[in-house]
Amino acid sequence: MRTSSLFSTALLLLGGAITGSHAHGACLDASIIAHTGTPVGKEIQYDNLTFYVAEPDRRNPHAKARAKAAVLFLTDVFGLGIVENKLLADSFARAGYLTVVPDLFDGSPAPGDINVPGFNTTEFLAKHVPETIDPKIATSIRYLRRRRGISRIGAPGYCFGGRYTFRFAGPSGAASVQNGRDAYIDATFAAHPSLLSAEEIKVIGAPASIAAAETDALFNDEARLAAEKTLKETDQPYRVTLYSGTDHGFGVRANLNDPQQKEAKEEAFLQAVRWFDRWLLA
Ligand SMILES: *[C@@H]1O[C@H](CO)[C@@H](O)[C@H](O)[C@H]1NC(C)=O
Ligand SMILES: *[C@@H]1O[C@H](CO)[C@@H](O)[C@H](O)[C@H]1NC(C)=O
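In mature numbering (1 follows the signal peptide of the UniProt record, and there is no 0), the protein residues as written are -23 to -1, 1 to 259.
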């Protein structure tokens, strides 16, 4: 009797060490994050759109509590072209969320190094604007809500994608309204967003969390402080975290040899997961 209860205590402890947590993720830790390696998800087609889909393992203790919720991962301009985005999606799946990454750029994302000759950033950004991106996000939301029976969606957006998490934040979001019923997300997280306007922040109808880089020409101190001021004027819960020692893009591609950057990337990921846990799992 005594031996067996000691044994089960040991098993529990061991289980705790392996899975991180048995509860809703109160003890989620960086061990579920993959920075390098081979992605484990797969690409599918839905309504003329390519998705990278990372399914949670059914044996994952986090997955059951999150079965009705999903993560809609909105990428930077590098999209499905860089392995880091897929690996990050896999990490959200290990946190227990079905995770979908739409190809926002029709198979032609920006090259991993935008300074390569022949790539014109201005041209790229002029081509990929709300008029072409919003419908792809609406399609992704439809896939999750109608095809997959998901009722609550959290959207992490990185750089380029950050703006779009705000555009679809809640039914009142800047893009939600014109993209049809249910075309909104329930919680938003943006890491070092670019091109995000005050008008887009002002109308959000979902909780918003931001991870900001210390050095970021696209979301500098002035832009961050302005965003904070506008967030205060919304009636939504919000959080803004500034990560020291980081540059624009750190949430996806940090210098892993720099302990401060690596830790910041991991903390920003956990910031997103905890935000979704808080607002999606009511
Ligand atoms: C399907 O997507 C491609 C871009 O990948 C676009 O050029 C084409 O017009 C789309 N077709 C339909 C039927 O929407
Ligand atoms: C990039 O594209 C823009 C818009 O088409 C054009 O005005 C500009 O000259 C291009 N830059 C280069 C270096 O080709």
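The beta-carbon is built from N, C-alpha and C at its ideal position, and this holds for glycine as well.
Check your understanding: Counting pairs of beta carbons, one from the segment 74 to 90 and one from the segment 164 to 176, are three or more of them closer than 8 Å?
Key -> no
Exercise for review: Run the CB neighbour count on residue 243, radius 10 Å, all protein chains shown included, and call it buried at 16 or more, exposed below.
Suggested key: buried
Point to revise | Three-way DSSP call (helix, strand, coil) for residue 240 in this model | key: helix
Review point. Below 9 Å between beta carbons: does that hold for residue 261 and residue 42?
Key: With the chain running from -23 to 259 in the structure shown, residue 261 is simply not present.
Point to revise | DSSP-derived helix/strand/coil call for residue 2 | key: Residue confidence for residue 2 is low, a pLDDT of 45 falling below 50, so the modelled location carries little weight and cannot support an answer.
Practice item. Using only the heavy atoms of ligand 2, determine whether one of them is closer than 8 Å to the beta carbon of residue 97. Key: yes
Check your understanding: So what does DSSP say about residue 113, is it helix, strand or coil?
Key -> helix
Practice item. State the start and end residues of the unbroken alpha helix (DSSP H) segment that holds residue 179. Key: 175 to 179
Point to revise | Whole-number beta carbon distance between residue 69 and residue 50, since they are thought to touch under 8 Å | key: 7 Å
Check your understanding: Hey, which residues come within less than 6 Å of ligand 1, measuring from Cβ to any heavy atom, in chain order?
Key -> 25 and 83
Check your understanding: In terms of alpha-carbon separation, which member of 111, 224 and 214 lies closest to residue 196?
Key -> 224
Check your understanding: Using the rule of at least 16 other Cβ atoms within 10 Å of the residue's Cβ for burial, across every protein chain shown, is residue 98 buried or exposed?
Key -> exposed
Check your understanding: Which two residues bound the contiguous alpha helix (DSSP H) that contains residue 217?
Key -> Segment 215 to 224 is the beta strand (DSSP E) holding residue 217; no alpha helix (DSSP H) there.
Exercise for review: With a threshold of 8 Å, establish whether the CB of residue 103 neighbours any heavy atom of ligand 2.
Suggested key: yes
Exercise for review: For residue 233, name the three-state secondary structure that DSSP assigns.
Suggested key: coil
Check your understanding: For residue 233, which residues from the same chain have a beta carbon less than 7 Å from its beta carbon, with the 5 sequence-adjacent residues on both sides left out?
Key -> 12 and 239
Exercise for review: Can you have a look at residue 144 and say buried or exposed, based on whether 16 or more other CB atoms are within 10 angstroms of its CB?
Suggested key: buried
Exercise for review: Given a cut-off of 9 Å, decide if residue 114 and residue 333 are closer than it, judged by their beta-carbon atoms.
Suggested key: Here the chain comprises residues numbered -23 to 259, so residue 333 is not present and cannot be evaluated.
Check your understanding: How is the alpha helix (DSSP H) around residue 131 delimited, first residue to last?
Key -> Counting along the chain, residue 131 falls outside any alpha helix (DSSP H), though it belongs to the beta strand (DSSP E) covering 129 to 135.
Review point. Is it buried or exposed for residue 291, if we count other Cβ within 10 angstroms and need 16 for buried?
Key: Only positions -23 to 259 of the chain appear in this structure, which leaves residue 291 out of reach.
Check your understanding: What residue range is occupied by the uninterrupted beta strand (DSSP E) comprising residue 60?
Key -> Per DSSP, residue 60 belongs to no beta strand (DSSP E); it is in the alpha helix (DSSP H), 60 to 71.
Practice item. Whole angstroms is fine: what's the gap from residue 205's alpha carbon to residue 218's? Key: 10 Å
Practice item. For residue 10, count neighbouring C-beta atoms within 10 Å of its own C-beta (all shown protein chains included) and say buried if the count is 16 or more, exposed if not. Key: buried
Exercise for review: For residue 75, name the three-state secondary structure that DSSP assigns.
Suggested key: strand
Check your understanding: Using DSSP with H/G/I as helix, E/B as strand and the rest coil, what is residue 28?
Key -> strand
Practice item. With hydrogens ignored, establish whether the beta-carbon of residue 100 is closer than 8 Å to any heavy atom of ligand 2. Key: yes
Review point. Whose CA, out of 80, 178, 150 and 133, lies closest to the CA of residue 165?
Key: 133
Check your understanding: Should residue 227 and residue 183 be called a contact, given that it needs their Cβ atoms to be closer than 9 Å?
Key -> no
Practice item. Check each candidate in 256, 229, 180 and 72 and name the one with the smallest Cα separation from residue 36. Key: 72
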